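The structure appears below as structure tokens.
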Amino acid sequence: MNNPNKEVVIPDQSKDKAPRPPLEFIRNIWGSSAGAGSGDFHVYRGVRRREYARQKYIKAKAEKEELDDEYKKKLEQHKKEAEERTNKNRAKRLKKKQKMKAKRVKKSKTETDKPLSDGDAESGSSDDDGVIPEPQKHIREDTSAKESSEHEDAE
1 MNNPNKEVVI PDQSKDKAPR PPLEFIRNIW GSSAGAGSGD FHVYRGVRRR
51 EYARQKYIKA KAEKEELDDE YKKKLEQHKK EAEERTNKNR AKRLKKKQKM
101 KAKRVKKSKT ETDKPLSDGD AESGSSDDDG VIPEPQKHIR EDTSAKESSE
151 HEDAE
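For the sequence shown, position 16 matches number 16 in the UniProt record's numbering, and the numbering has no gaps at all.
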């Protein structure tokens, strides 16, 4: 803290060090059984501890790789699903856009086909000032055909 302008170096995370490969096992160690020398048990205990540490490291490494693979598969699946949703929405937008474009073309075609009235020809401009009016919904008044078909089905 003597020099606050000096950059602070933050060390990287320590990586797991792989244990040493196992040495050749000493087969003449008797462990804690009778007949062993006074130092043989300590040698046996050291060899056993290193072997357990090595086995633990191998299991942890395998588990980590399995979790990484599972995560990558899940990430790939999510990416694929997102792409499918995007494609579906894109198709929906394009369909809507084409439908609106066809509607405008049809509307403009009907307006150009419509003969001009006397008032429109004299003024030279339209009342809507370039605004496309909303399409009117037509309600079908003829229900007699529908009713007659229902009576035929009932008989």
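No residue lacks a Cβ here, since even glycine has one placed at the ideal position from N, Cα and C. If you're wondering where the values come from, they're calculated on a predicted model, not measured in any experiment.
(request) Have a look at residue 83 and residue 9 and give me their C-alpha separation to the nearest angstrom. (result) Within the sequence shown, the letter at position 83 stands for residue 83. Within the sequence shown, the letter at position 9 stands for residue 9. Cα to Cα, the separation comes out at about 42 Å.
(message) I need the straight-line Cα distance from residue 91 to residue 77, nearest angstrom please.
(response) On the sequence shown, residue 91 is found 91 positions in, with the first residue counted as 1. On the sequence shown, residue 77 is found 77 positions in, with the first residue counted as 1. Whole-angstrom Cα-Cα distance: 21 Å.
(message) Suppose you measure from the CA of residue 97 to the CA of residue 103; what does that come to, to the nearest Å?
(response) Here residue 97 is taken as the residue at index 97 of the sequence shown, counted from 1. Here residue 103 is taken as the residue at index 103 of the sequence shown, counted from 1. Near 10 Å, if we compare the C-alpha coordinates of residue 103 and residue 97.
(request) Would you kindly work out how many angstroms separate the C-alpha atoms of residue 87 and residue 99, rounded to a whole number? (result) In the sequence shown, the residue the question calls residue 87 occupies position 87. In the sequence shown, the residue the question calls residue 99 occupies position 99. Looking at the two C-alpha atoms, the distance is approximately 18 Å.
(request) Following the continuous alpha helix (DSSP H) through residue 18, name the residue where it begins and the one where it ends. (result) Counted from its first residue, the sequence shown places residue 18 at position 18. From DSSP, residue 18 is part of no alpha helix (DSSP H); its letter is neither H nor E.
(request) Reducing DSSP to helix, strand and coil, say where residue 96 ends up. (result) The sequence position of residue 96 within the sequence shown is 96, counting from 1. In the structure shown, residue 96 sits in a helix (DSSP, three-state: H, G or I).
(request) Figure out for me which residue from 3, 5 and 21 has the closest Cα to the Cα of residue 57. (result) One-based indexing of the sequence shown puts residue 57 at position 57. Of the listed residues, the one whose Cα sits closest to residue 57 is 21.
(request) Could you tell me whether the Cβ atoms of residue 53 and residue 4 are closer together than 8 Å? (result) Here residue 53 refers to the residue found at position 53 when the sequence shown is read from its first residue. Here residue 4 refers to the residue found at position 4 when the sequence shown is read from its first residue. Not closer than 8 Å, so no.
(message) Helix, strand or coil, according to DSSP, for residue 39 in the structure here?
(response) Along the sequence shown, read from residue 1 onward, the residue named residue 39 stands at position 39. Three-state result, residue 39: coil.
(message) Using the three-state DSSP reduction, which class does residue 113 fall into: helix, strand or coil?
(response) In the sequence shown, the residue the question calls residue 113 occupies position 113. Reduced to three states, the DSSP call for residue 113 is helix.
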